[in-house]
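Heads up, the sequence shown is in the numbering used here, so the first residue is 154 and it goes up one at a time.
Note that CB positions come from ideal geometry on N, CA and C, so glycine has one too.
For reference, the structure is listed below as structure tokens.
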Amino acid sequence: MDAISLPFKGPVLGIGVDIVSVSRIRDLIERQGERFIERVYTDTEREYCAKFRDPAERYAARFAAKEAVAKAFSSGIGEQLNWKSVGIVSGERGQPEVELDEKGKVLLYQVGGENVAISLSHTDDTAIAFAAIIG
Numbered sequence: 154m155d156a157i158s159l160p161f162k163g164p165v166l167g168i169g170v171d172i173v174s175v176s177r178i179r180d181l182i183e184r185q186g187e188r189f190i191e192r193v194y195t196d197t198e199r200e201y202c203a204k205f206r207d208p209a210e211r212y213a214a215r216f217a218a219k220e221a222v223a224k225a226f227s228s229g230i231g232e233q234l235n236w237k238s239v240g241i242v243s244g245e246r247g248q249p250e251v252e253l254d255e256k257g258k259v260l261l262y263q264v265g266g267e268n269v270a271i272s273l274s275h276t277d278d279t280a281i282a283f284a285a286i287i288g
């Protein structure tokens, strides 16, 4: 059997998963508009999502990702992490990657982590994200 090269090496220190209804996020955007989007998403996330015909699907996937990362840290969104502490950016090949602000980097250091792996998926109705803190 041939060995495969994985993008992250090291022990898994925490995992998190979250599933979000796209229609719930769409409703929040329709009711609260830019106030909701600016409170929850980074500039990079907003620019990315705005490129699509239906940005609600991408916003929902990123919302699920933020929750999944917070769960992987066992912290939730609140005192240790806020919505913008976790940003989802596109990697070199277009794959989603986690970008942490200073609060997030401090928390990653405190748990002994080196990186956060993320996987996102969405349909018209549902968005899901899985996150793993890698040591």
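Endpoints, alpha helix (DSSP H) assigned at Asp180: Val175 to Gln185
Answer yes or no: do Ser238 and Lys224 have a C-beta to C-beta separation smaller than 8 Å? no
Along the chain, where does the alpha helix (DSSP H) that runs through Gly257 open and close? Glu255 to Gln263
Distance, Cα to Cα, Ile190 vs Gly288? 32 Å
On a Cα-Cα basis, can you pick out the residue from Gly240, Leu260 and Lys204 that is closest to Ala218? Gly240
Is the stretch 179 to 187 touching the stretch 222 to 236 in the sense that three or more CB pairs, one from each, lie closer than 8 Å? no
Given that a residue counts as buried once 16 or more other Cβ atoms are within 10 Å of its Cβ, and exposed if not, what is Gly266? buried
Segment limits, alpha helix (DSSP H) that includes Phe216: Pro208 to Ala225
Grab the span of the beta strand (DSSP E) containing Thr276 for me, first residue to last. It is not in any beta strand (DSSP E) - Thr276 carries neither H nor E in the DSSP assignment.
In angstroms with no decimal places, state the Cα-to-Cα distance between Ser272 and Arg211. 13 Å
Could you pull out every residue in the same chain whose Cβ sits closer than 7 Å to the Cβ of Val264, ignoring the five residues on either side in sequence? Leu166, Gly167, Phe226 and Ile286
Could you check if Asp278 is buried or exposed, using at least 16 other CB atoms within 10 Å of its CB as the buried criterion? exposed
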